[in-house]
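Below you'll find the structure, written out as structure tokens, and then a few comments.
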Amino acid sequence: MSAAARGPRVTCALIAVCCAVFLAGPVSGLAPGYGSGDALAAAQGAYFARWGVIPARLADGTPGALATPLTALFVHGNWLHLLGNMLFLYVFGAMTEERLGRLRFTLFYLGAGYTALAAYAIAHAGSGQPLVGASGAISAVLGAFLVLFPKARVTSLFPFLFFLPLRFPARVVLVFWIALQWLAATGIGRGSPAVAYLAHLVGFATGFLYAWGRIRRPPGTARRFGAPGAIRRRGPRVKDPAAATEGDSQP
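Its first residue numbered 263, the sequence shown is counted upward by one per residue in my numbering.
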């Protein structure tokens with residue numbers, strides 16, 4: 263049975279872990295052991311402080327802080343944050359996993375996500391506010407997707423077009439998305455300061471450059487994306503029935 267026939271197991275496993283972590287934690291509101299009211303709010307704050315990235319601690323070399331850019335990839339700030347990220351991970355991650363292969367995709371996802379969150383922490387070394395979410399890693403998947411499937415088309419909903427479902431080339435949607443991230447990160451747009459746009463940009467650039475480097479190997483070097491053979495000339499058609507998530511949040 264081929265890898266494609268078995269499905270995107272790594273992508274589905276990542277989604278399952280993120281959902282399980284969220285449901286078991288205090289943020290979902292479904293775990294009665296955390297109490298309610300002030301007790302629940304205190305539990306949520308402690309939860310983010312323990313598993314999220316706190317730039318000041320990372321910069322100071324606090325014991326255990328080096329692991330937080332990895333653990334933070336599986337922690338989300340609210341239901342919308344989780345569902346938006348998981349939707350984008352499934353839509354773009356499944357095809358990217360098929361092309362890269364499971365082991366390479368796993369290492370790519372974790373490595374790019376770690377890099378994105380660490381870069382944000384370095385740029386905001388004095389901040390004591392926790393940073394959580396998989397958006398840095400998912401941004402890397404989007405960057406790789408743009409290189410690997412330049413002719414794919416996706417169905418997207420844009421608020422300024424009255425949420426009409428319209429089909430666009432994936433490269434148009436993703437370039438539009440990265441342009442918005444850049445505008446927000448540089449302060450030109452109206453991005454909320456609670457969204458780590460720099461982590462999105464670093465993740466996207468990491469994924470784009472990684473995939474570009476893989477397909478730009480010197481002549482005679484084997485391309486090892488999934489099954490042997492040349493890169494597909496025509497990308498599959500995929501659907502994205504929801505609008506883009508805002509990304510990593512700082513509770």
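Where a beta carbon is used, it is the ideal one built from N, C-alpha and C, also for glycine. Just so it is clear, the structure is predicted and the values come from calculations on it, not from any experiment.
> Roughly how many angstroms lie between the CA atoms of Gly339 and Gly346, to the nearest whole one?
Replying inline: Your numbering for residue 339 matches position 77 in the sequence shown. Your numbering for residue 346 matches position 84 in the sequence shown. Roughly 12 Å between the two C-alpha positions.
> Can you name the start and end residues of the alpha helix (DSSP H) that Leu408 belongs to?
Replying inline: In the sequence shown, residue 408 corresponds to position 146, counting from 1. Run containing Leu408: 397-410, per the alpha helix (DSSP H) assignment.
> Where does Gly307 land, buried or exposed, given buried means 16+ other C-beta within 10 angstroms?
Replying inline: Counted from its first residue, the sequence shown places residue 307 at position 45. Classification of Gly307: exposed, given that the 10 Å Cβ count is below 16.
>> If you reduce the DSSP assignment to three classes, tell me which class Arg366 lands in.
In response: Here residue 366 refers to the residue found at position 104 of the sequence shown. In this structure, Arg366 counts as helix in the three-state DSSP scheme.
>> If the criterion is Cβ atoms closer than 9 Å, does the pair Tyr352 and Ala461 meet it?
In response: Start at 1 with the first residue of the sequence shown, and residue 352 comes out as number 90. Start at 1 with the first residue of the sequence shown, and residue 461 comes out as number 199. No, the pair does not count as a contact, with Cβ atoms beyond the cut-off.
> Thinking C-beta only, is Val337 closer than 9 Å to Gly405?
Replying inline: As a working note, residue 405 is residue 143 in the sequence shown. As a working note, residue 337 is residue 75 in the sequence shown. Val337 is positioned such that its CB atom lies no closer than 9 Å to that of Gly405.
> Looking only at DSSP bridge pairs, what is Arg476 linked to?
Replying inline: One-based indexing of the sequence shown puts residue 476 at position 214. Bridge partners of Arg476: none, in fact.
>> Using C-beta distances below 6 Å, list every residue in its chain close to Phe367, excluding the 5 sequence neighbours before and after it, in chain order.
In response: Locating residue 367 in the sequence shown gives position 105, counting from the first residue. Taken in chain order, the residues that qualify are Val272, Glu359.
> Quick one: what's Val315 bridged to in DSSP?
Replying inline: Against the sequence shown, residue 315 aligns to sequence position 53. Partner(s): Leu393.
>> Just list the residues that DSSP pairs Pro431 with in beta bridges.
In response: What you label residue 431 is simply residue 169 of the sequence shown in a count that begins at 1. When beta bridges are read from the DSSP output, Pro431 appears opposite Arg415.
> What's the call for Gly314, buried or exposed, on a 16-neighbour Cβ count within 10 Å?
Replying inline: Counting from one through the sequence shown, the residue named residue 314 turns up at place 52. Result: buried.
> Under a three-way DSSP split, which group does Ala327 fall into?
Replying inline: Here residue 327 is taken as the residue at index 65 of the sequence shown, counted from 1. Note: Ala327 maps to helix in three-state DSSP.
> Looking at the unbroken alpha helix (DSSP H) that takes in Phe284, where does it start and where does it end?
Replying inline: The residue labelled residue 284 in the question sits at position 22 within the sequence shown. Counting along the chain, the alpha helix (DSSP H) containing Phe284 begins and ends at 271-286.
> Do you know how far the Cα of Val283 is from the Cα of Ala293?
Replying inline: For the purposes of this step, residue 293 is identified with residue 31 of the sequence shown, where counting begins at 1. For the purposes of this step, residue 283 is identified with residue 21 of the sequence shown, where counting begins at 1. Cα to Cα, Ala293 sits roughly 11 Å from Val283.
> Run through DSSP, which three-state label would Gly299 get?
Replying inline: Counted from its first residue, the sequence shown places residue 299 at position 37. Reduced to three states, the DSSP call for Gly299 is coil.
>> Tell me which residues share the same chain as Tyr371 and place their Cβ nearer than 6 Å to its Cβ, disregarding the 5 neighbours each side in the sequence.
In response: One-based indexing of the sequence shown puts residue 371 at position 109. In chain order, Ala399 place their CB closer than 6 Å to the CB of Tyr371, counting only its own chain and leaving out the 5 sequence neighbours on each side.
> Relative to the alpha-carbon of Arg312, which residue among Thr330, Leu320, Leu365 has its alpha-carbon at the smallest distance?
Replying inline: Here the question's residue 312 lines up with position 50 in the sequence shown. Arg312 has its Cα closest to that of Thr330, out of Thr330, Leu320, Leu365.
>> So the candidates are Ala441, Ile277, Gly469; which of them puts its Cα closest to the Cα of Leu344?
In response: In the sequence shown, counting from the first residue as 1, residue 344 sits at position 82. Cα-wise, what sits closest to Leu344 is Ile277.
> What residues in its chain sit with their C-beta under 7 Å from that of Leu302, if we drop five residues either side in the sequence?
Replying inline: If you number the sequence shown from 1, residue 302 lands on position 40. Closer than 7 Å at Cβ, skipping near neighbours: Pro288, Tyr296.
> Do you know how far the Cα of Leu328 is from the Cα of Leu408?
Replying inline: For the purposes of this step, residue 408 is taken as residue 146 along the sequence shown, with counting starting at 1. For the purposes of this step, residue 328 is taken as residue 66 along the sequence shown, with counting starting at 1. About 30 Å.
> Pick from Ser401, Ala275, Ala441, Lys413: whose alpha carbon is nearest that of Gly373?
Replying inline: Translated into positions along the sequence shown, residue 373 becomes position 111. Considering only alpha carbons, the answer is Ser401.
> So what does DSSP say about Gly339, is it helix, strand or coil?
Replying inline: Along the sequence shown, one-based indexing puts residue 339 at 77. Coil.
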